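Protein chains in written order, with numbering that gives the first Met the number 0: chain A, 0 to 332; chain B, 0 to 332.
Glycine residues also receive a C-beta, built at the ideal position from the N, C-alpha and C atoms.
Fair warning: this is a prediction, and the values are worked out from it, not measured in the lab.
Number of protein chains: 2
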Amino acid sequence: MNARTVTLLDVAQAAGVSKSTVSDALQGSGRVAPATRDHVREVAARLGYRPNSAARRLRSARTGAIGLHLPQTATRLDYYMKLAFGAVARAQEEGLDVVLLAPAGGTHGPLASRVDGMLVIDPETGDAAVPALLDAGVPVVTGERYLGPAPDPVGAVVCDNAASLTALLDHVHDRGARRPALLAPADTSAWAAALHTTAENWGRDHALPVARHTVSFAATAREAEEATAALLAADPDIDAVVCAPDGAAPGVLRAATALGRTPGRDLLVASCVDGAATRGSSPAITAVDFRPADYGRVCVELLCDILAGRTGPETVRRHGWTLETRASTLGTD
Amino acid sequence: MNARTVTLLDVAQAAGVSKSTVSDALQGSGRVAPATRDHVREVAARLGYRPNSAARRLRSARTGAIGLHLPQTATRLDYYMKLAFGAVARAQEEGLDVVLLAPAGGTHGPLASRVDGMLVIDPETGDAAVPALLDAGVPVVTGERYLGPAPDPVGAVVCDNAASLTALLDHVHDRGARRPALLAPADTSAWAAALHTTAENWGRDHALPVARHTVSFAATAREAEEATAALLAADPDIDAVVCAPDGAAPGVLRAATALGRTPGRDLLVASCVDGAATRGSSPAITAVDFRPADYGRVCVELLCDILAGRTGPETVRRHGWTLETRASTLGTD
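In structure tokens, the structure reads:
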């Protein structure tokens, strides 16, 4: 390897482009057509070109990285792992690294000198790390809005949580449920707040009040099992349980079975978040799929657009969802 | 904030230490006692000292970051999420960021200019990204050894997978099992290879051959359910199933129940990896706890020791484990 002798000019000559095109292509600045960028990167890799990263960063005043903050409870939820790797894949296309930030906050140096921008996913008002992240002096994109006081400029990618819960409640209503219940976290996040408001509105509109039971943001299947047992003991007429937290809905199935109910027949079960737990349970559980890897990609895309000045800092984009109906509400197996 | 006017000298004077101690403390070089380091960092934070990170990195020829490569299947397994955040927490103590690398490999620039070192966790011989990572020109610590050809210098943190599976098999044997079976991935990783060898040795030593069935590295509960159904159909005398992949063991419970068996009584069930799925299932499943967050910490620690020259590059450290016995083998509920 004679990597140290290969210069930017060598790469430019071999690739048949200008030095600034090489620089832009390697830095993923977005000013270069994808085909050109790929060509330049191939040539640079073939020649063994190794830019002095620290020097390059100093010149461009960019760190080449974006930070990713996930909820403290993320360690148990494959939803956030999928989101993180979606973000990593999209960031790689832009020539950016993704730095995983410590969920508990605290930091070993100023964030603004380490990352060009940050993604703060599902910020909860109870998360003490969030205010400092939003005030770190770099552009931030939140996944769902932050309900606490937040300084601009902050972009957001939001899901229509009112529409998706309405679709779930309409679906169990279509399947015959007349006494639905909702297991949802307290409203310290935009997502949970939307679930509570939507359940209340849907109940009023249909003259069928939705029984609500508060569970933790990252409730376990065990917690959902206990909550369901309590709900059904208090009101045996409940004929559908919609469980909000990722991964917890199998606990609803277990509680139902233990009480002699048959999920999908005399108790409909659905989840507000799709994942391995809902797809792999028996019966499989109807759920809202937010395609978390795509969600991560879209968040990075918005952050890059803001960093490159392609869109304003207060941009809000919507991310779609689909309702996946399965045996837990369809009664088939 | 008049952050721009605070110099390294200001911090040194306020903290009552030399400039080089401040520099070492802020860079986490390990030459400073923990108490001094914490004191200096507190003073720096209080004064609002903000080093020019890019300039600092240029001077120290360090990027201030380490890379983390997880198996491509990691997106479904909370084990790796816990490990990742353990690594992030420990890296933060050393003043290092953790860059999440794209599992599929490929990269937007030379890794050596972006990270000081890398963690490559549970490298499989089938993972096409691994050889390039091991040959990127920076120190690498693997979590478990890599079975393919690997250039030195590479350190490793390994678990005694032979001892932990032996403990699991001894435990179900103590509980009366005489025809145990193992669901394990093909031997493309050090972990899986150890499981196969250990099962064979244990079977020979006890004159009780262990039935083995191959499942995928990140088998779902559904896959384990189907594998268990096939195993029990082929050999109804099987009285214990040890399931290797994280999160899959609840599928063993479902298959057993569907066949009229009672987990914990006439079929003992255990998992080679503890996690939310084994703790939260009903009955709870006996499992080996590798404390993945600690495992991530220990990997970072070894990498930092190698980077700082405190230990040689070929260092191998062992990480402990505990056997968590639960209702699925104890028969209680």
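- Query: So what's A/GLY330 in DSSP terms, helix, strand or just coil?
  - Reply: Walking along the first sequence from the start, residue 330 of chain A turns up at place 331. For A/GLY330, the secondary structure class from DSSP, reduced to helix, strand or coil, is coil.
- Going by DSSP, what residues sit across from A/ALA44 in a beta bridge? On the first sequence, position 45 is the one that residue 44 of chain A refers to. Answer is none; A/ALA44 lacks a bridge partner.
- So, do the stretch 155 to 168 of chain B and the stretch 92 to 110 of chain B have three or more beta carbon pairs nearer to each other than 8 Å? Counting Cβ pairs under 8 Å, fewer than three are found: no touch.
- Query: Where does A/SER281 land, buried or exposed, given buried means 16+ other C-beta within 10 angstroms?
  - Reply: The sequence position of residue 281 of chain A within the first sequence is 282, counting from 1. With 16 or more other Cβ atoms from the protein chains shown falling within 10 Å of its own Cβ, A/SER281 counts as buried.
- Query: Which residues in the same chain as A/HIS38 place their Cβ atom closer than 7 Å to its Cβ, once the five residues preceding and following it in sequence are excluded?
  - Reply: By one-based count along the first sequence, residue 38 of chain A stands at place 39. Once the five neighbours on either side are set aside, the close Cβ partners of A/HIS38 are ALA14.
- To the nearest angstrom, report how far apart B/PHE333 and B/VAL42 are at their CA atoms. Chain B is shown from 0 up to 332; residue 333 of chain B falls before or after that span and cannot be answered.
- Whole-number beta carbon distance between A/ALA275 and A/ASP77, since they are thought to touch under 8 Å: On the first sequence, residue 77 of chain A is found 78 positions in, with the first residue counted as 1. On the first sequence, residue 275 of chain A is found 276 positions in, with the first residue counted as 1. Contact holds; Cβ gap of about 6 Å.
- Taking buried to mean at least 16 other C-beta atoms within 10 Å of its own C-beta, is A/THR20 buried or exposed? Numbered from 1 along the first sequence, position 21 holds the residue referred to as residue 20 of chain A. A/THR20 comes out buried.
- CB contact check: B/ALA32 to chain A, cutoff 8 Å: Indexing the second sequence from 1 puts residue 32 of chain B at position 33. Taking Cβ atoms only, chain A never reaches closer than 8 Å to B/ALA32, which makes this a no.
- Item | Residue environment, A/LYS335, which counts as buried when at least 16 other CB atoms sit within 10 Å | The structure shown does not extend to residue 335 of chain A, since chain A is modelled only from 0 to 332, so the question has no answer here.
- Item | Candidates B/THR328, B/GLY319, B/ASP23 and B/ASP9, of which the one nearest B/GLY175 by Cα | What you label residue 175 of chain B is simply residue 176 of the second sequence in a count that begins at 1. For the residues B/THR328, B/GLY319, B/ASP23 and B/ASP9, the minimum Cα distance to B/GLY175 belongs to B/THR328.
- Item | Within 8 Å, strictly: CB atoms of B/VAL251 and B/THR227 | In the second sequence, residue 251 of chain B corresponds to position 252, counting from 1. In the second sequence, residue 227 of chain B corresponds to position 228, counting from 1. Yes, the pair counts as a contact, with Cβ atoms nearer than the cut-off.
- Task: Using a cut-off of 9 Å between C-beta atoms, extract the partners of B/GLY259 located in chain A.
- Result: In the second sequence, counting from the first residue as 1, residue 259 of chain B sits at position 260. Per Cβ cutoff of 9 Å: no residues; B/GLY259 is ~15 Å from chain A at best.
- Message: So for B/ASP288, helix, strand or coil by DSSP?
- Response: Position 289 of the second sequence, counted from the start, is the residue given in the question as residue 288 of chain B. Note: B/ASP288 maps to strand in three-state DSSP.
- Item | chain C contact residues for B/PRO184, given Cβ-Cβ distances below 8 Å | In the structure shown, chain C cannot be found, because the protein chains are A and B.
- chain A within 8 Å of B/ARG221, Cβ atoms only: Residue numbering aside, residue 221 of chain B sits at position 222 when the second sequence is read from its first letter. At least one beta carbon of chain A lies nearer than 8 Å to the beta carbon of B/ARG221.
- Item | Cutoff 8 Å: B/GLY279 Cβ touching any chain A Cβ | Taking the first residue of the second sequence as 1, we reach residue 279 of chain B at position 280. With 8 Å as the cut-off, B/GLY279 counts as an interface residue toward chain A.
- Query: From A/GLU92 to A/ARG36, what distance separates their C-alpha atoms?
  - Reply: Counting from 1 along the first sequence, the entry for residue 92 of chain A is found at position 93. Counting from 1 along the first sequence, the entry for residue 36 of chain A is found at position 37. Rounded to the nearest angstrom, the gap between the Cα atoms of A/GLU92 and A/ARG36 is 10 Å.
- Task: For B/ARG264, collect the residues of the same chain with a Cβ closer than 6 Å to its Cβ; drop the 5 residues on either side in sequence, then sort them by chain order.
- Result: The residue labelled residue 264 of chain B in the question sits at position 265 within the second sequence. Within the same chain, and ignoring the five residues on either side of B/ARG264 in sequence, the residues whose Cβ sits closer than 6 Å to its Cβ are GLY330.
- Message: Counting only beta-carbon separations shorter than 8 Å, does B/MET117 have a partner in chain A?
- Response: Walking along the second sequence from the start, residue 117 of chain B turns up at place 118. By this cut-off, B/MET117 is not an interface position.
- Query: Using a C-beta to C-beta distance shorter than 7 Å, which residues of chain A count as neighbours of B/PRO102?
  - Reply: Mapped onto the second sequence, residue 102 of chain B falls at position 103. When 7 Å is used as the limit between beta carbons, B/PRO102 is near these residues of chain A: PHE84, in chain order.
- Task: Excluding the 5 residues preceding and the 5 following A/ARG290 in the sequence, name in chain order all residues of the same chain whose CB lies nearer than 7 Å to its CB.
- Result: Translated into the one-based positions of the first sequence, residue 290 of chain A becomes position 291. Hits under 7 Å: none found.
- Integer Cβ distance of B/ALA135 from B/ALA111, believed to fall under 8 Å: If you number the second sequence from 1, residue 135 of chain B lands on position 136. If you number the second sequence from 1, residue 111 of chain B lands on position 112. Right, their Cβ atoms sit about 6 Å apart.
- Message: Any beta carbon of chain B sitting closer than 8 Å to that of A/GLU323?
- Response: Along the first sequence, read from residue 1 onward, the residue named residue 323 of chain A stands at position 324. For A/GLU323, no CB of chain B lies under 8 Å from its own CB, so it is not counted at the interface with that chain.
- Go through the stretch 123 to 172 of chain A residue by residue and report every complete run of the alpha helix (DSSP H) that reaches 4 residues or more, in order. You should have 129 to 133.
- Just tell me which of A/GLU123, A/ARG296, A/LEU7 and A/GLY94 has its CA closest to the CA of A/ARG316. The sequence position of residue 316 of chain A within the first sequence is 317, counting from 1. A/ARG316 has its Cα closest to that of A/ARG296, out of A/GLU123, A/ARG296, A/LEU7 and A/GLY94.
- Would you say A/PRO184 and A/VAL209 are within 8 Å of each other, going by their C-beta atoms? To locate residue 184 of chain A, count along the first sequence from 1; it is residue 185. To locate residue 209 of chain A, count along the first sequence from 1; it is residue 210. A/VAL209 sits away from A/PRO184, with the two beta carbons spaced by 8 Å or more.
- Query: Mind checking A/PRO33: buried by the 16 CB within 10 Å criterion, or exposed?
  - Reply: Walking along the first sequence from the start, residue 33 of chain A turns up at place 34. Residue environment: A/PRO33 is assigned as exposed (fewer than 16 neighbouring CB atoms within 10 Å of its CB, all protein chains considered).
- Message: Is it buried or exposed, A/THR321, if we count other Cβ atoms within 10 angstroms and call 16 or more buried?
- Response: One-based indexing of the first sequence puts residue 321 of chain A at position 322. That one is exposed.
- Member of B/GLN71, B/LEU181, B/LEU132 and B/LEU82 whose CA lies at the smallest distance from the CA of B/ALA103: As a first step, residue 103 of chain B is located in the second sequence; it is residue number 104 there, counting from the start. Comparing alpha-carbon positions, the option among B/GLN71, B/LEU181, B/LEU132 and B/LEU82 lying closest to B/ALA103 turns out to be B/GLN71.
- Task: Let me know the secondary structure DSSP gives B/PRO33 once reduced to three states.
- Result: In the second sequence, the residue the question calls residue 33 of chain B occupies position 34. The DSSP-derived three-state label of B/PRO33 is helix.
- Message: Quick check: the stretch 124 to 131 of chain A against the stretch 140 to 151 of chain A, are at least 3 beta-carbon pairs closer than 8 Å?
- Response: With contact defined as three or more Cβ pairs closer than 8 Å, the stretch 140 to 151 of chain A and the stretch 124 to 131 of chain A are in contact.
- Task: Label A/VAL259 either buried or exposed according to how many other C-beta atoms from any shown protein chain fall within 10 Å of its C-beta, with 16 as the threshold for buried.
- Result: Here the question's residue 259 of chain A lines up with position 260 in the first sequence. In the sequence as presented, Val is not what sits at residue 259 of chain A; that position holds Gly. For A/GLY259, the number of other beta carbons within 10 angstroms of its own is below 16, and it is reported as exposed.
- What is the residue span of the beta strand (DSSP E) that A/THR213 lies within? Start at 1 with the first residue of the first sequence, and residue 213 of chain A comes out as number 214. Unbroken beta strand (DSSP E) run through A/THR213: 210 to 214.
- Message: Taking the alpha-carbon of A/ALA90 as reference, which of A/THR314, A/ALA292 and A/THR310 has the nearest alpha-carbon?
- Response: The sequence position of residue 90 of chain A within the first sequence is 91, counting from 1. The candidate whose alpha carbon is nearest that of A/ALA90 is A/ALA292.
- When you compare only the Cα positions, how much space is there between A/ALA334 and A/THR261? This structure cannot speak to residue 334 of chain A, because chain A is shown only from 0 to 332.
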